[in-house]
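Note that numbering that gives the first Met the number 0 has the sequence shown beginning at 0, numbered continuously upward.
Written out below as structure tokens is the structure these notes cover.
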Amino acid sequence: MTALYQAHALGLIRLAVVMLGDRAAAEDVVQEAFCGLYRRWHSLSDPGKALSYVRSSVINGCRTALRRRKRPARLAGDPPGESAEASALIGEEHRQVLTAIRRLPARQREVLVLRFYLDLDEGQIAASMRISRGTVKSTTSRALAALGRMLGEQS
């Protein structure tokens, strides 16, 4: 369990930050996912699938957090409370891409984040999101087209 956390927690936090736009909320979601895994560790049929389980838990936790928000996520600019150091490290182009990703529908955003931020293949994405590989392919295609349109409008 400790090795799994050390190896994958940071990547899962990054995934959740892209999904939620809020580092503190992302850390909470990832922590809760690992706590859930710990509570259910003895009942896992295949401990080799623990990463897939915790990744699915993070995605579901992000969905829940987004549903619970009373107001929509900020669509422009940086999240409030971002440090000056963090702002300086993230280039303007990177910020524009993240803003555009946050404007995508939830499923499209999830597919892109899993594919390009966590570098998962179609099968892993399908398992994490509990959708078919064909749905992963079509959703990725639509998401990339929408992202291209959004970024083209900003140019």
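Even glycine gets a Cβ: it sits at the ideal position worked out from N, Cα and C.
Keep in mind the model is a prediction, meaning the values are calculated, not measured.
Using CA atoms only, rank isn't needed, just tell me which of the options is closest to residue i.
i: Leu65; options: Arg101, Tyr116, His93; result: Arg101
i: Gly10; options: Leu146, Asp118, Ile130; result: Asp118
i: Arg54; options: Leu150, Ala8, Ala144, Arg108; result: Ala8
i: Leu19; options: Ala126, Val57, Leu3; result: Val57
i: Thr63; options: Gly47, Ala105, Ala126, Leu146; result: Ala105
i: Arg114; options: Leu143, Gly47, Arg148, Arg67; result: Leu143
i: Met149; options: Glu91, Leu36, Met128, Leu103; result: Leu103
i: Leu111; options: Leu146, Ile12, Ser131; result: Leu146
i: Val17; options: Gly122, Arg141, Gln107, Ala125; result: Gln107
i: Gly151; options: Glu92, Ile12, Asn59, Ala126; result: Glu92
i: Asn59; options: Ser131, Ser140, Ala126; result: Ala126
Please classify residue i: is it buried, with 16 or more other beta-carbons within 10 angstroms of its beta-carbon, or exposed?
i: Thr98; result: buried
i: Leu43; result: exposed
i: Gln5; result: exposed
i: Ala23; result: exposed
i: Asp120; result: exposed
i: Asp21; result: buried
i: Leu74; result: For Leu74, the pLDDT reaches just 49, beneath the cut-off of 50, and the residue's location in the model is therefore unreliable, although a value from the coordinates is still provided. Leu74 is exposed by the Cβ-count criterion.
i: Met128; result: buried
i: Glu109; result: buried
Taking the alpha helix (DSSP H) that residue i belongs to, which residues open and close that run?
i: Gly20; result: Segment: none, Gly20 is in no alpha helix (DSSP H) and carries neither H nor E.
i: Ser51; result: 49 to 67
i: Leu97; result: 91 to 102
i: Leu111; result: 105 to 111
i: Met128; result: 121 to 128
Kindly give me the distance between the Cβ atoms of residue i and residue j, rounded to whole angstroms, as I take these residues to be in contact under 8 Å.
i: Leu3; j: Leu50; result: 6 Å
i: Ala28; j: Cys61; result: Looking at the sequence provided, one finds Val at residue 28 rather than Ala. Confirmed, Cβ separation roughly 6 Å.
i: Tyr52; j: Met0; result: About 12 Å separates the two Cβ atoms, so there is no contact after all.
| Should the stretch 123 to 138 be regarded as contacting the stretch 17 to 32, the criterion being three or more beta carbon pairs within less than 8 Å? | These segments do not touch.
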